[in-house]
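**Student:** After the C-alpha cells below, expect a handful of questions from me.
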Amino acid sequence: MSDDVIIDHGHQHAINRVFALFLVLAIVGATLAKNYWFSTLTNIDLYIIVFFPVALLFISFGFGYASKKAIDYVPGEWESRKVLVTFSEYERMVEDYDEAYGELYAHPGDCMTFCCLLPVLFVFGYMFLIFQGQDIQLICPLVDTLLLLGIYYSIAGAVGFITGFRVPNIDAEEFFKAPPNDDSMEYAEKLDGARGLEVGVAVELGVRAGVQ
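Letter by letter, the sequence shown follows residues 4 to 215 of our numbering.
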C-alpha cells in the first residue's frame, strides 16, 4: 500500500519543477550575459562566477526549505497498538522506518554545513576564473561557457537545495520524528539476556489504510 494516503507530495512536486526551471534559466541567462549581453562590462566574470553562484546557493536553499514544508500530512484516524519487541526487532523496525520516512526528519544542524560551503564555493569560483584566463577552448566559447556554468551552477543549486530541504520538518510535528536511541536505550540493551529479566522495547504502532 502506498504512503500517499498519509503524505501528499503534490505541492512539493510543483515547487521542485519551478526550481528546476529556475536553475535552467539561471544557467542559460548567465551564459548569454557573459558572451553577449554584458560581455564588455568590467568584471562580468567576477559577478557571474563568484557572486551569482553565492546568490544561487541561498535561493536554492530557500527552494529546498519550501519543498520540505510543502509536503502535506493528510489527517486521518490511526489504529494504534502497543507491543513489546526485542532490541534486534526494534533495530530492524528503525531501519525500515528510516528508509520510508527518513527524508522527513529535521536536521537543523545542517545550517552550519551550509555556512561552511560558502568558502568552498568561492574556491571553485576562483579556480573557474583561472581556467577562463588560460584561453583554453574545448568546443567554442558559447558552448564551453554553457557547459562549465551548467556544471558549476548545478552543483551550487543542488547543494543549496538539498541542505535547505534537510533543515526543517514538515508541518505535522507529532509525526515522522526519528525514533529514540539515547543512553537509556543503550543501558537497557546491555541488560538483555540477564537472568530473571525480560528486557525489550515498548513500541506503539500506528496502522492506517494498510500503512504501518
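In this text, a Cβ means the ideal position worked out from N, Cα and C, and glycines have one as well.
Could you give the distance in angstroms between the alpha-carbon of residue 21 and the alpha-carbon of residue 124?
**Tutor:** 24 angstroms
**Student:** Would residue 60 and residue 149 be called neighbours here (beta carbons separated by less than 9 angstroms)?
**Tutor:** no
**Student:** By Cβ distance below 7 angstroms, which residues in the same chain neighbour residue 155 in space, the five residues on each side in sequence not counted?
**Tutor:** Within the same chain, Cβ atoms closer than 7 angstroms to the Cβ of residue 155 are found at 56, 127 and 131, the five residues on either side in sequence being excluded.
**Student:** Kindly give me the distance between the Cβ atoms of residue 169 and residue 101, rounded to whole angstroms, as I take these residues to be in contact under 8 angstroms.
**Tutor:** Between residue 101 and residue 169 the Cβ distance is about 14 angstroms, and since that is not below 8 angstroms, they are no contact.
**Student:** Rounded C-beta distance between residue 86 and residue 206? I'm assuming under 8 angstroms.
**Tutor:** 6 angstroms between Cβ atoms; contact.
**Student:** Nearest CA to the CA of residue 28: which residue from 171, 157, 110 and 165?
**Tutor:** The option with the nearest alpha carbon to residue 28 is 157.
**Student:** So, using beta-carbon positions, are residue 166 and residue 25 closer together than 9 angstroms?
**Tutor:** no
**Student:** How far does the beta strand (DSSP E) with residue 29 in it extend, from its first residue to its last?
**Tutor:** That residue, residue 29, is in no beta strand (DSSP E); its alpha helix (DSSP H) goes 13 to 35.
**Student:** Where residue 32 and residue 106 are concerned, what is the direct C-alpha to C-alpha distance, given to the nearest angstrom?
**Tutor:** 32 angstroms
**Student:** Return the first residue and the last residue of the beta strand (DSSP E) that residue 209 is part of.
**Tutor:** 204 to 210
**Student:** Whose CA, out of 172, 173, 96 and 129, lies closest to the CA of residue 208?
**Tutor:** Cα-wise, what sits closest to residue 208 is 96.
**Student:** Near residue 30, which residues of its chain fall below 8 angstroms by C-beta distance, leaving aside the five closest residues on each side in sequence?
**Tutor:** 149, 152, 153, 156 and 157, listed in sequence order.
**Student:** Rounded to the nearest angstrom, what separates residue 17 and residue 69 at their Cα positions?
**Tutor:** 11 angstroms
**Student:** Give me the Cα-Cα distance between residue 104 and residue 172, rounded to the nearest whole angstrom.
**Tutor:** About 11 angstroms.
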